[in-house]
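First up is the structure itself, then whatever we jot down about it.
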Amino acid sequence: MNMPIAPVDVSRGDSPIVLGLPHTGTYVPAEIKAKLNTRGRGLDDTDWHIHRLYQGVLPGATTVRATFHRYVIDANRDPAGLSLYPGQNTTTLVPLTDFDGHDIWDIAPTDPDIIARRDAFHAPYHAALEAELQRIKALHGFAILYDCHSIRSEIPFLFEGSLPDFNTGTNMGQTCDPQIEAIVVEACSQASGYSSVLNGRFKGGWTTRHYGRPTEGLHAIQMELAQSTYLTQEAEPWAYDQTKADGLRKHLHIILTRLASWAPQTGGNS
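Per our numbering, the sequence shown starts with residue 1, numbered consecutively.
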């Protein structure tokens, strides 16, 4: 498979925080792009500009960013292809539809295609993420994965009504120390002019659930932001709104700074 762009980009820091960026990449290899239909080539389900939104918000944070698009393969899905939300509309390891339920392929991926993409893209991203979490844990005795996401605030195929601005997911408190959850929930609730929810429609994807192992000193939390909080509009050309983003970044700075100053009560495990 032609891979002129590395599947993962890592920027190392020494903070206890690792920022995961699984869905902000837009790279699609030419041989895969040729199989997408016109709708698929629009890449509408990108977590648009999330890497820009978080850049520099917490100096010293490590970032692990997937450069490939989720239509190539979704870095936040179980590599075995199991659904996180049985019975609900969602997208698969290699999505066959977009978030509105429309087909995105002229030539759908085969099982061998999916295996090849899992090996070439999904596996290197998670190898890098695991390595950075273990490196940070070795430095501090614990590590906090803060998984950065965004999505359109209204997608009837996936959920009813409008999403809150901040959607925090901890898989019902299982993926991190309760104090970590409380820090994020409190900071979101104090963000004037923004709405928030804990473990609503988004309870934390596969990444959060896989790495969130508090008894081992590995904590994970997912933050799904409504794109209305930082885009000019939730439609093409998906323009970054600097004024909106600056206001949001102040609250993201508060969240991440408070998380970075957290320390476990007993030796790195909770």
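Here a beta-carbon is modelled for each residue, glycine too, at the ideal position from N, C-alpha and C.
Residue closest to isoleucine 287, alpha-carbon to alpha-carbon, out of Thr168, Arg249, Leu93, Ile151: No statement about residue 287 is possible, as the shown extent of the chain runs from 1 to 270 and does not include it.
Which residues bound the beta strand (DSSP E) around aspartate 113? From DSSP, aspartate 113 is part of no beta strand (DSSP E) but of the alpha helix (DSSP H) over 111 to 117.
By how many angstroms is the C-alpha of arginine 152 removed from the C-alpha of alanine 226? 6 Å
Those runs of the alpha helix (DSSP H) which lie wholly inside the stretch 190 to 218 and span at least 4 residues: The stretch 190 to 218 contains these whole alpha helix (DSSP H) runs: 206 to 211.
Is DSSP giving glutamate 130 helix, strand or coil here? Glutamate 130 falls in the helix class under three-state DSSP.
Close Cβ partners of aspartate 165 (< 6 Å) along its chain, the five nearest in sequence each way excluded: Tyr194, Ser195, Ala226, Thr229
Whole angstroms is fine: what's the gap from glycine 101's alpha carbon to phenylalanine 157's? Glycine 101 and phenylalanine 157: Cα-Cα distance of roughly 6 Å.
Exposure label - lysine 137; buried when at least 16 CB within 10 Å: Lysine 137 is classed as buried because its beta carbon has at least 16 other beta carbons within 10 Å across all chains shown.
Along the chain, where does the beta strand (DSSP E) that runs through tyrosine 54 open and close? Unbroken run through tyrosine 54 is the alpha helix (DSSP H), 50 to 54; no beta strand (DSSP E).
Does the pairing of the stretch 256 to 266 with the stretch 202 to 210 give three or more beta-carbon distances under 8 Å? no
Contact under 8 Å by Cβ, isoleucine 114 with lysine 35: For isoleucine 114 and lysine 35, no; Cβs fall outside 8 Å.
Helix, strand or coil, according to DSSP, for glutamate 31 in the structure here? Judged by DSSP in its simplified three-state form, glutamate 31 adopts helix.
Under the three-state DSSP convention, the category tyrosine 240 falls into: strand
With which residues is cysteine 148 paired in a DSSP beta bridge? Answer is Met223, bridged to cysteine 148.
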